[in-house]
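Here's the structure, in structure tokens; my notes come after.
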Amino acid sequence: MFLRLASSSLVDRKGSVFLTLLAICVSIFVLLGIEHIRSEARESFSSTVSGTDLIVGARTSNINLLLYSVFRIGNATNNISWESYQEIASNPDVAWTIPIALGDSHRGYRVMGTSSDYFVHYSYGSSRNLTFRDGEAFEDLFDVVLGSEVAQQLDYSLGDELVLAHGMASTSFSNHDENPFHVVGVLEPTGTPVDQTLHVSLEAIEAIHLGWQGGIQMPGFGAATGIANASDLTPESITAFMLGLNSRMMTFGLQREINEYPGEPLMAILPGVTLAEFWQTLAVTESTMRLISSLVLVAALLGLSALLLASIRERQREIAILRTLGASPGYLFLLIELEATLITVVASALASILLYTTLLLSADYIVANFGLHIDANFLSKTNLILLFTVFVSSLLVCLIPAITAFRKALQ
Amino acid sequence: MSVSITDLEFSYPGAEENPFLKVPEWRVETGEKVFLQGPSGSGKSTLLNILCGMLPVKTGEVSLFGHPLDQMNSRQRDRFRAGNIGYVFQQFNLIPYLNVMDNILVARQFNRGGKGSHSQSDIEDFLLTLNIGEEQWHKPARALSIGQQQRVAIARAFVNRPSLLIVDEPTSSLDHANRDDFMQLLMDRVAQTKATLLFVSHDISLAGHFSRVDSIYDINHGDVAADIDEEAPV
Ligand SMILES: Nc1ncnc2c1ncn2[C@@H]1O[C@H](COP(=O)(O)OP(=O)(O)O)[C@@H](O)[C@H]1O
Ligand SMILES: [Mg+2]
Chain A
249 MFLRLASSSL VDRKGSVFLT LLAICVSIFV LLGIEHIRSE ARESFSSTVS
299 GTDLIVGART SNINLLLYSV FRIGNATNNI SWESYQEIAS NPDVAWTIPI
349 ALGDSHRGYR VMGTSSDYFV HYSYGSSRNL TFRDGEAFED LFDVVLGSEV
399 AQQLDYSLGD ELVLAHGMAS TSFSNHDENP FHVVGVLEPT GTPVDQTLHV
449 SLEAIEAIHL GWQGGIQMPG FGAATGIANA SDLTPESITA FMLGLNSRMM
499 TFGLQREINE YPGEPLMAIL PGVTLAEFWQ TLAVTESTMR LISSLVLVAA
549 LLGLSALLLA SIRERQREIA ILRTLGASPG YLFLLIELEA TLITVVASAL
599 ASILLYTTLL LSADYIVANF GLHIDANFLS KTNLILLFTV FVSSLLVCLI
649 PAITAFRKAL Q
Chain B
12 MSVSITDLEF SYPGAEENPF LKVPEWRVET GEKVFLQGPS GSGKSTLLNI
62 LCGMLPVKTG EVSLFGHPLD QMNSRQRDRF RAGNIGYVFQ QFNLIPYLNV
112 MDNILVARQF NRGGKGSHSQ SDIEDFLLTL NIGEEQWHKP ARALSIGQQQ
162 RVAIARAFVN RPSLLIVDEP TSSLDHANRD DFMQLLMDRV AQTKATLLFV
212 SHDISLAGHF SRVDSIYDIN HGDVAADIDE EAPV
């Protein structure tokens, strides 16, 4: 009967109750949505690379090296000479290396020159290796392996031919038309920038650049496949490389050695540490978002409190009736808190359904545009705590009308 | 003994130096039907609110059926009221958005969750004798006429089998036909249940229904500045 009383009273004021409920629903939606996307982004971000002990590049900032080598964001300021790479790779503590040569693109997607070790040693998430959905690793000079999203978005399959562009512009005028590539492999989706990358051999990168200088093709160097195959295609330099050690113990020793490398200015970073450092630079944005969404919620809850407070004036008569029937002032206090609870619970449920549906429906769009896999199940521990906090805050904010009702009952 | 008041003094907050109610002694026997008259502002409703435990007694002794109200705390008085007193006031007795049946059931829950109260089928029978047909039971109270609302208020007042019924100017917003209906139905029910009745009204013509007529002036010796009223006692 207590519940019936509270719910009938809310239904009786459905217009204003509905608007308040909507305001709370939207603010819970925003609060949970932001928290979920933030944590999914962080999760996906920090699982982009795993099992790599050091990333080595020309001296720049830690974060810049991480961004261009792993996330294909930004550009390297300098290259590493092939000799330095060979020397470090031959260090007895080094178990494997993955060279990285960047600079070309195909219809907006980055091209990465590497070795076939990439498909063996690169790992992401909780040490998951790359796997092929179709085909296999490149073997011939003009073979290309596509990330899953490249294949899907551009509708490529095994055996298709494609042409790489010099630089990053998606409608580049300087194409390497004379050397078309054949798709020999397509990778399974990983939820990392690998999905948006085209992989070719280092030699292929070298071959398509024969006769290019400063981004312009020299006349008379229409390098045909035969010529390219015949030339010595050992690269002069690479952009960066990843390495794995025989023993984790050696990480800091080797890092120091590379940072003090006498031949050229190099640096080595620990990917995990740098990922954390980078995320730290986003902390201000993160907490600003949180602050804003919390304030939106506070505003909505104050609206709820105002709604209930205003209702008490109209309900003086009702309070008097309940009192003569034997209701204690505490009963009226609880009645108002119950009304607040009902509104908050319904708003939370609506917001949850709305958020789940939105995440489900926008999953493809988010993957396509941000390369981010967002799980529709947003009920993480943090979000459950947030929901509980919303619930408790609504009870606290509605102490004001509840106490007013209590005092009215005493008169 | 149903009602027993000795040396009661009462004043609303802010006017403590001149008590507005002073009742040296007033007693009502169990089963009596008392008609209480007096002009408006003379303290009738205040006295009834003290008797039902809504207003606290600070000076004097008030007991109902041997239970001293002046020694109960507010929570105890609320429980006592729910279980022992039925109350009908002038107008707006019902919660407007609850339906007729829920308006009656809501009263039942305050009496120890309905223990010793009338059952739902008793309530239905009683509503029918009150001329509230089944088609009205699930309408919100605000959809009923004033006359119907006052009759539902009778049903609600009796739901917890009260020993004391307090009725405060119940007919002043009713026309003659509805008033006579109301009085008939109320007095029948009182006769059946043998409840003690305290009834306040301006309408002296109703006095014939009662076993005893009291004037508030004889009861209250306080500092009353009541309105001069054409229906004041002669
Ligand atoms: N809650 C209250 N606070 C202060 N004064 C009140 C309150 N209720 C009634 N009064 C005053 O007490 C006096 C008696 O009122 P009441 O008992 O309602 O008279 P009656 O029922 O005989 O018309 C009136 O002057 C009224 O203004
Ligand atoms: Mg009165």
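Going down the list, the sequences are from chains A and B. Residues 249 to 659 (our numbering) make up the first sequence, in order. Residues 12 to 245 (our numbering) make up the second sequence, in order. Just so you know, even glycine gets a beta-carbon here, dropped at the ideal spot from N, CA and C.
Any non-hydrogen atom of ligand 1 within 8 Å of residue i CB
i                   : result
aspartate 179/B     : yes
serine 53/B         : yes
tyrosine 579/A      : no
proline 35/B        : no
glycine 49/B        : yes
glutamine 102/B     : no
proline 24/B        : yes
valine 659/A        : Per the sequence shown, residue 659/A should be read as glutamine rather than valine. Yes.
phenylalanine 654/A : no
phenylalanine 31/B  : yes
Three-state class that DSSP yields for residue i in the structure shown
i                   : result
proline 79/B        : strand
glycine 492/A       : strand
leucine 435/A       : strand
arginine 563/A      : coil
phenylalanine 380/A : strand
aspartate 192/B     : helix
asparagine 231/B    : coil
glycine 501/A       : helix
valine 297/A        : coil
methionine 12/B     : coil
phenylalanine 100/B : coil
glycine 71/B        : strand
alanine 206/B       : coil
phenylalanine 367/A : helix
glutamate 27/B      : coil
leucine 189/A       : This structure cannot speak to residue 189/A, because chain A is shown only from 249 to 659.
phenylalanine 626/A : coil
threonine 473/A     : With a pLDDT of 46 at threonine 473/A, under the threshold of 50, the predicted position of this residue should be treated as unreliable, and no value is reported.
Any non-hydrogen atom of ligand 2 within 8 Å of residue i CB
i            : result
serine 226/B : no
valine 45/B  : no
serine 56/B  : yes
valine 99/B  : no
valine 211/B : yes
Cutoff 7 Å; reference residue i; Cβ partners in own chain excluding five residues on either side
i             : result
alanine 452/A : Gly361, Leu389, Phe390
alanine 595/A : Leu269, Ile272, Cys273, Ile276
valine 544/A  : Ser275, Val278
valine 246/B  : The structure shown does not extend to residue 246/B, since chain B is modelled only from 12 through 245, so no value can be given for it.
serine 15/B   : Arg38, Ser74
leucine 580/A : Ile567, Leu570, Ala653, Phe654, Ala657
Host alpha helix (DSSP H) of residue i (start-end)
i                   : result
leucine 402/A       : 396-402
valine 448/A        : Where valine 448/A is concerned, there is no enclosing alpha helix (DSSP H), although the beta strand (DSSP E) it sits in stretches over 445-449.
tryptophan 527/A    : 519-529
phenylalanine 654/A : 647-658
alanine 118/B       : 111-121
tryptophan 330/A    : 330-337
alanine 164/B       : 157-169
glutamine 305/A     : The amino acid occupying residue 305/A in the given sequence is glycine; glutamine does not appear at that position. That residue, glycine 305/A, is in no alpha helix (DSSP H); its beta strand (DSSP E) goes 302-306.
valine 34/B         : Not the alpha helix (DSSP H): valine 34/B falls in the beta strand (DSSP E), residues 32-39.
lysine 55/B         : 55-62
alanine 152/B       : Unbroken run through alanine 152/B: none, as it is neither H nor E.
valine 318/A        : 310-318
aspartate 661/A     : Nothing about residue 661/A can be reported from this structure: the residues present for chain A run from 249 to 659 only.
glycine 94/B        : 85-95
Neighbourhood of residue i by C-beta distance below 8 Å, restricted to the same chain and skipping five residues each side
i                   : result
leucine 634/A       : Leu279, Leu280, Glu283
phenylalanine 193/B : Gly158, Gln161, Arg162, Ile165, Pro181, Thr182, Leu185
histidine 430/A     : Asp388, Phe390, Asp391, Val392, Gly407, Asp408, Glu409
leucine 66/B        : Phe21, Thr57, Asn60
Close-in-space but distant-in-sequence residues of the same chain around residue i (CB under 6 Å, 5 per side omitted)
i            : result
serine 294/A : Leu523
serine 371/A : Ser298, Gly299, Asn377
Limits of the unbroken beta strand (DSSP E) element including residue i
i              : result
arginine 358/A : 357-362
valine 178/B   : 175-179
proline 131/B  : Per the sequence shown, residue 131/B should be read as glutamine rather than proline. Note, glutamine 131/B: premise wrong, no beta strand (DSSP E); alpha helix (DSSP H) at 131-140.
leucine 47/B   : 44-48
> the stretch 538-568 of chain A: which residues have C-beta closer than 7 Å to a C-beta of chain B, in chain order?
Replying inline: Arg565, Glu566
>> Any C-beta of chain A within less than 8 Å: which residues of the stretch 102-118 of chain B qualify?
In response: Phe103, Asn104, Leu105, Ile106, Pro107, Tyr108, Leu109, Asp113, Leu116, Val117, Ala118
> Just by C-beta distance, which residues in the stretch 260-278 of chain A are closer than 9 Å to chain B?
Replying inline: Asp260, Arg261
>> To be precise: take each residue of the stretch 78-89 of chain B, compare its Cβ to all Cβ atoms of chain A, and keep it if any distance is under 8 Å. Which residues remain?
In response: Ser85, Arg86, Asp89
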